[in-house]
Amino acid sequence: MGTPEMIGAAMVPSVVIVDDHPAIVDGVRAWCAAADPPIAVLAAGASAGVAVAGAGAEADVVVFDLQLDGSPAFRALTTLTEAGRRVIVYSQHADSETALRCLELGAATYLTKAEGPEHLIPAIQAVVDDRPYTPPVLGGAMAADRHPDRPVLSEREREVLLAWFESDSKQLVAQRFHLSAKTVDTYINRVRIKYADVGRPATTKAALVARALQDGLIDLEGL
Amino acid sequence: MSDADDLSAQLLRGMRIAQTVIVLVILAGLNTPNLVAGLGGYRAPWVGLAAIGTFVAIAVTDAVLVARHRLWGRARWPAVVVVLAVTVAVGLALQPTELTGPAHVTLGSAGWLAVLLFTGAPLRELVAVLGVHLLIVLTLLVAAGRTDGLTLVAFGTTAVAVTSFQLAVGLAGAALRSVAAQATAAAQERARTVTAAPVAAAVHADREARYAELRAVALPLLRGIGDGSRPPADADVQREAALGAARLRRMFAEGGDVADPLAAELATLIDIAEQRGVEVTYSERGPRAIPPPDVCGALLDEAGAGLLGAERTARVTLSGVDRAVVLSVVSDAAADRVTPGERHLADGSRITTVVGDGRTWVEARWAPRR
Chain A
1 MGTPEMIGAA
11 MVPSVVIVDD
21 HPAIVDGVRA
31 WCAAADPPIA
41 VLAAGASAGV
51 AVAGAGAEAD
61 VVVFDLQLDG
71 SPAFRALTTL
81 TEAGRRVIVY
91 SQHADSETAL
101 RCLELGAATY
111 LTKAEGPEHL
121 IPAIQAVVDD
131 RPYTPPVLGG
141 AMAADRHPDR
151 PVLSEREREV
161 LLAWFESDSK
171 QLVAQRFHLS
181 AKTVDTYINR
191 VRIKYADVGR
201 PATTKAALVA
211 RALQDGLIDL
221 EGL
Chain B
224 MSDADDLSAQ
234 LLRGMRIAQT
244 VIVLVILAGL
254 NTPNLVAGLG
264 GYRAPWVGLA
274 AIGTFVAIAV
284 TDAVLVARHR
294 LWGRARWPAV
304 VVVLAVTVAV
314 GLALQPTELT
324 GPAHVTLGSA
334 GWLAVLLFTG
344 APLRELVAVL
354 GVHLLIVLTL
364 LVAAGRTDGL
374 TLVAFGTTAV
384 AVTSFQLAVG
394 LAGAALRSVA
404 AQATAAAQER
414 ARTVTAAPVA
424 AAVHADREAR
434 YAELRAVALP
444 LLRGIGDGSR
454 PPADADVQRE
464 AALGAARLRR
474 MFAEGGDVAD
484 PLAAELATLI
494 DIAEQRGVEV
504 TYSERGPRAI
514 PPPDVCGALL
524 DEAGAGLLGA
534 ERTARVTLSG
544 VDRAVVLSVV
554 SDAAADRVTP
564 GERHLADGSR
574 ITTVVGDGRT
584 WVEARWAPRR
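In order, the protein sequences belong to chains A and B.
Per the working numbering, residue 1 is the first one in the first sequence, and the count goes up by one each step.
Per the working numbering, residue 224 is the first one in the second sequence, and the count goes up by one each step.
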């Protein structure tokens with residue numbers, strides 16, 4: 001169990017880590033400590049219980065290993081999102097269906113462990129603010145997704161998402177399509193909001209959509 | 224029905240027409256007048272008339288089958304049973320004195336009907352049926368007490384004369400069928416040869432093209448290494464050698480039973496890069512079509528150049544989006560080796576190169592033509 005690091009009271013973003021692998025927990029702790037501003041790790045443990053009771057229950061974000069007992073822990077994920085928790089699924093699993101299913105169940109975002117070093121901290125920072133965060137592999141899953149129950153993407157949105165998946169560099173994507181990096185961001189985030197707007201409703205999804213409206217990322221007509 | 228059966232049926236048709244005509248002429252021109260003249264020799268004359276009627280009906284049915292290019296098939300067995308039953312009935316209906324006379328109309332014609340029915344069947348079946356018929360007649364003679372020498376000689380003469388004709392026709396049919404089978408086999412063999420030749424030529428041309436490509440790529444490199452003008456320690460030489468080796472491997476792997484040759488080859492390229500100390504991130508997304516081998520080769524060549532040019536890191540992705548197959552490599556390969564922009568290959572693939580952010584991004588995209 002981690003000790004809360006009280007740096008300037010409530011302004012410090014905090015996480016609880018649900019992962020059964022000590023090396024992963026240590027790695028995430030180290031990244032959180034090195035983040036600017038630092039992120040407090042309130043608790044860590046091998047089961048979802050650590051995020052429900054004790055210090056972990058207070059954390060802003062749950063960093064959740066989907067592969068707890070060998071099979072994807074969709075039920076535990078649902079319990080967390082139904083309780084209104086912001087969950088970042090951090091998984092060994094790299095297949096598209098698993099990633100998109102997690103979004104449907106109300107996860108804030110989905111990262112593969114290979115993307116951790118670059119994307120986990122920015123993801124936590126975005127999710128704490130209820131802002132969308134789409135790492136490249138998740139973008140690739142959305143770009144290739146043709147399931148009839150899923151959002152309809154424009155040709156441009158699909159192109160930009162695929163390019164983001166391919167390059168892992170918004171600057172390269174911007175350069176290729178002669179867009180600004182901000183516009184690339186807008187395309188990617190809009191798609192994420194489209195995904196929040198389909199399937200089963202969840203408070204986490206509502207928060208994401210509400211924030212997107214406030215930020216002017218989408219307007220009411222776009223919904 | 225196989226082609227061989229078809230061909231033999233065609234060849235047999237002329238013979239069958241002749242047979243049917245012979246049998247109808249015998250029934251109408253020989254047996255019927257004999258029967259009319261000899262009706263007095265029958266204990267029950269209607270049996271003789273019914274017998275001729277039945278035989279004519281079978282011969283006419285055969286004529287219809289010949290016209291329709293069909294053989295009797297399994298129907299020959301009930302038909303031959305009817306023929307033999309008729310011969311028994313006629314034998315029993317005749318006065319014993321008439322058994323070797325012209326009024327015994329079925330004696331000559333039953334064998335001819337058997338020839339019609341057993342056209343296309345193994346010769347031994349016809350021989351067996353002819354033998355059974357003669358045995359039946361002999362039994363009838365013996366049963367009637369006509370075992371005197373003169374009667375038996377008369378019966379033997381008739382039997383030999385008529386049956387040898389019938390056997391000769393049956394033999395001719397069997398010989399014709401064997402010739403037809405050989406002709407069919409020869410025709411098929413010729414067709415196979417005719418098909419195999421262009422296939423072999425196409426395969427050969429394909430190999431020639433690949434070897435020409437290799438000669439253009441690998442030979443100058445090997446020659447350079449040999450004469451010292453291309454030192455193996457040089458990074459460029461190593462890169463070219465790795466690319467040439469990848470092509471060689473692809474050529475040797477041709478026809479290899481890999482479900483997704485593009486992904487399999489890509490995995491090999493990644494292995495080579497990793498052995499050179501490059502950290503490669505690989506990711507796949509979406510359902511992908513399997514491109515034809517030459518397209519796979521072109522995509523891998525483009526991606527391979529980027530991957531094998533990498534110094535320390537490379538990101539490789541393989542995606543299926545909207546029926547398109549997209550192979551992308553982002554690496555820290557030196558930017559001076561590539562020309563940013565878009566190129567289109569002859570097979571419809573599109574190569575996009577972007578340089579920036581300290582990285583080189585090569586995307587090769589192919590979609591099947593609609």
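Yeah, the Cβ is synthetic: ideal placement off N, Cα and C, and Gly gets one too.
1) For B:Gly509, decide whether its Cβ has a neighbour in chain A, counting only Cβ atoms nearer than 7 angstroms.
2) What residues from chain A crowd round B:Glu525, counting only those whose CB sits closer than 8 angstroms?
3) Keeping to the same chain, check which residues put their C-beta closer than 6 angstroms to that of B:Gly527; ignore five residues upstream and five downstream.
4) Would A:Ala144 pass as an interface residue toward chain B - the criterion being a Cβ-Cβ separation below 7 angstroms?
5) I'd like to know if B:Gly343 contacts chain A, where contact means its C-beta is closer than 7 angstroms to some C-beta of that chain.
6) If I measure Cβ to Cβ from A:Val87 and keep anything under 7 angstroms in the same chain, skipping five residues before and after, which residues do I get?
7) Between A:Gln175 and B:Gly500, how many whole angstroms is the CB-CB distance? I'm expecting something under 8 angstroms.
8) Does the beta-carbon of B:Ala587 have 16 or more other beta-carbons within 10 angstroms, so that it is buried, or is it exposed?
9) Closer than 8 angstroms by beta-carbon distance: list the chain B residues that pair up with A:Gly140, in chain order.
10) Check whether the Cβ of A:Ser167 lies closer than 7 angstroms to any Cβ atom in chain B.
11) My output table needs one value for B:Glu321: the three-state DSSP class, helix, strand or coil.
12) By DSSP, does B:Glu488 sit in helix, in strand, or in coil?
13) Looking only at its own chain, which residues have a Cβ that is under 6 angstroms from the Cβ of A:Ile121, when we skip the five neighbours before and after it?
14) Taking only three categories from DSSP, how would you classify A:Glu157?
15) Comparing C-alpha positions only, which one of B:Ile281, B:Thr504, B:Gly271 and B:Leu294 sits nearest to B:Thr342?
16) Distance cutoff 7 angstroms, beta carbons only. Does B:Gly579 sit that close to anything in chain A?
17) Among B:Ala441, B:Tyr505 and B:Leu541, which has the Cα closest to the Cα of B:Ala512?
18) Pick out whichever of B:Asn254, B:Leu444, B:Val503 and B:Ala414 has its Cα sitting closest to the Cα of B:Pro325.
19) Using a C-beta cutoff of 7 angstroms, does B:Val553 count as contacting chain A?
20) Excluding the five sequence neighbours on either side, which residues of its own chain have a C-beta within less than 8 angstroms of the C-beta of B:Thr562, listed in chain order?
21) Near A:Glu5, what residues of its chain come up, given a Cβ to Cβ distance below 6 angstroms and the 5 sequence neighbours on each side ignored?
22) Is there a Cβ of chain A sitting closer than 7 angstroms to that of B:Trp584, yes or no?
23) Using the beta-carbon count (16 or more within 10 Å), is A:Glu58 buried or exposed?
24) State whether the region 365-385 of chain B contacts the region 320-336 of chain B, with contact taken as three or more CB pairs (one from each stretch) at a distance under 8 angstroms.
25) I need the DSSP call for B:Glu502, collapsed to helix, strand or coil.
26) So the candidates are B:Arg430, B:Met238 and B:Arg462; which of them puts its Cα closest to the Cα of B:Leu444?
27) Check whether the Cβ atoms of A:Tyr110 and A:Ala126 lie closer than 7 angstroms to each other.
28) From what residue to what residue does the beta strand (DSSP E) around B:Val585 run?
29) Would B:Thr310 be called buried (16 or more neighbouring beta carbons within 10 Å of its own) or exposed?
30) From the DSSP output, in three-state form, read off A:Ser169 for me.
31) What are the residues of the region 172-206 of chain A that lie near chain B, defined by any Cβ-Cβ distance shorter than 8 angstroms?
32) Give the straight-line distance between the Cα atoms of B:Ala298 and B:Leu262, rounded to the nearest whole angstrom.
33) Note down, one range per segment and in chain order, each alpha helix (DSSP H) of at least 4 residues found wholly within the region 100-130 of chain A.
34) In chain B, which residues lie with their C-beta within 9 angstroms of the C-beta of A:Arg85?
35) Cβ of A:Arg211 within 7 angstroms of Cβ of A:Arg85?
36) Among the candidates A:Gly54, A:Val52 and A:Asp95, whose CA atom is the shortest distance from the CA of A:Thr112?
Answer, in terms of the structure:
1) yes
2) Going along chain A, no residue has its Cβ under 8 angstroms from B:Glu525, so there is no contact; the nearest lies around 13 angstroms.
3) Leu466, Ala469 and Leu492
4) yes
5) no
6) Val62, Phe64, Leu77, Leu80, Thr81, Ala107 and Ala108
7) The Cβ separation is near 28 angstroms, so there is no contact.
8) buried
9) Ser506, Arg508, Gly509, Thr540 and Ser542
10) yes
11) helix
12) helix
13) Trp31 and Ala35
14) helix
15) B:Leu294
16) yes
17) B:Leu541
18) B:Asn254
19) yes
20) Thr576
21) A caution first: A:Glu5 carries a pLDDT of 46, below 50, which makes its placement in the model too unreliable to give a value.
22) yes
23) exposed
24) yes
25) strand
26) B:Arg462
27) no
28) Arg582 to Trp589
29) buried
30) coil
31) Leu172, Gln175 and Arg176
32) 31 angstroms
33) 116-128
34) Near A:Arg85 there are no residues of chain B at all, since even the closest Cβ is about 28 angstroms away, more than 9 angstroms.
35) no
36) A:Asp95
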